[in-house]
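If you're matching positions, the sequence shown starts at 5 in our numbering and goes up one per residue. Quick reminder that beta carbons are idealized off the backbone N, C-alpha and C, glycines included. Small disclaimer: the values here were computed from a predicted structure and weren't measured. Step one of this worksheet: look at the structure below.
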Amino acid sequence: MTHVHEEPAEALTRNQGLVLGTLTGADAPLSAYDILDRLRDDGLRAPLQVYRALDKLVERGLAHRLESLNAFVACADAHCHRAGGIIAFAICEKCGRVDEFADDTVRERLVGWAGENGFKPSRTTIELRGTCKECLAQAA
5 MTHVHEEPAE
15 ALTRNQGLVL
25 GTLTGADAPL
35 SAYDILDRLR
45 DDGLRAPLQV
55 YRALDKLVER
65 GLAHRLESLN
75 AFVACADAHC
85 HRAGGIIAFA
95 ICEKCGRVDE
105 FADDTVRERL
115 VGWAGENGFK
125 PSRTTIELRG
135 TCKECLAQAA
């Protein structure tokens, strides 16, 4: 899940940079408490410090909250949602791998439905849970 964003590092606060770095280096989604545990040696002591940083990172599109796991991941593709894309996540229930993707057809259908029904969404989260191809291959 390692990736690079256009946002200049100096635009982040120290805590935001530490939290983003932890998410970027993680192999799986992390809860706020997991992040706090990893950053105690860097001076973060309170959950509120992590939650504030996460809120800003999510607001800026640099991280995402996985609702079903109550955990966070670094954004894998800053371009897709900054341009109004709808993001989906495929979450492997065996190994914890999370793949982020966007699909124009899904976006068009959701936007179309919302328009037809006079609904103004404030947030869209699509999470597919199942087994990734690597875990399926190992099970075969």
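Assumed close pair residue i, residue j - CB separation to whole angstroms, cut-off 8 Å
i     : j      : result
VAL77 : LEU27  : 6 Å
LEU40 : LEU48  : 6 Å
ILE90 : LEU114 : 6 Å
Terminal residues of the alpha helix (DSSP H) in which residue i lies
i      : result
GLY29  : 18 to 29
ASP108 : 108 to 120
Best match in the options for proximity to residue i [C-alpha to C-alpha]
i     : options                          : result
CYS99 : ARG49, ASN19, CYS139 and ALA15   : CYS139
ASP46 : GLY29, GLY21, ASP81 and PRO33    : GLY21
PRO33 : GLU112, ALA75, VAL110 and ASP107 : ALA75
GLN53 : ASP107, TYR37 and GLU120         : TYR37
Spatial neighbours of residue i in its chain, beta-carbon cut-off 6 Å, leaving aside the 5 residues before and after
i      : result
PHE105 : ALA92
THR129 : GLU71
VAL8   : Confidence at VAL8 is low in this model, with a pLDDT of 48, below 50, so its placement is unreliable and the value that follows should be read with caution. Around VAL8: no qualifying Cβ.
Contact set for residue i: own chain, Cβ-Cβ below 7 Å, skip 5 residues either direction
i     : result
LEU24 : LEU16, LEU61, LEU66, ALA67 and ALA78
MET35 : Going by the sequence as given, residue 35 is Ser instead of Met. Around SER35: ASN74 and ALA75.
Nonlocal neighbours in the same chain, by C-beta distance under 8 Å from residue i, ignoring five residues either side
i      : result
THR135 : CYS96, GLU97, LYS98 and ALA143
ARG56  : ASN19
LYS124 : ALA118
LEU132 : ALA92, PHE93, ALA94 and ILE95
SER126 : none
ALA141 : none
GLY116 : none
ASP43  : This sequence places Leu at residue 43; Asp is not what is there. Result list for LEU43: LEU22, VAL23, THR26 and VAL54, in chain order.
Residue range of the beta strand (DSSP E) that includes residue i
i      : result
ILE95  : 91 to 96
ALA202 : Because the chain is modelled from 5 through 144, residue 202 falls outside the range shown and cannot be assessed.
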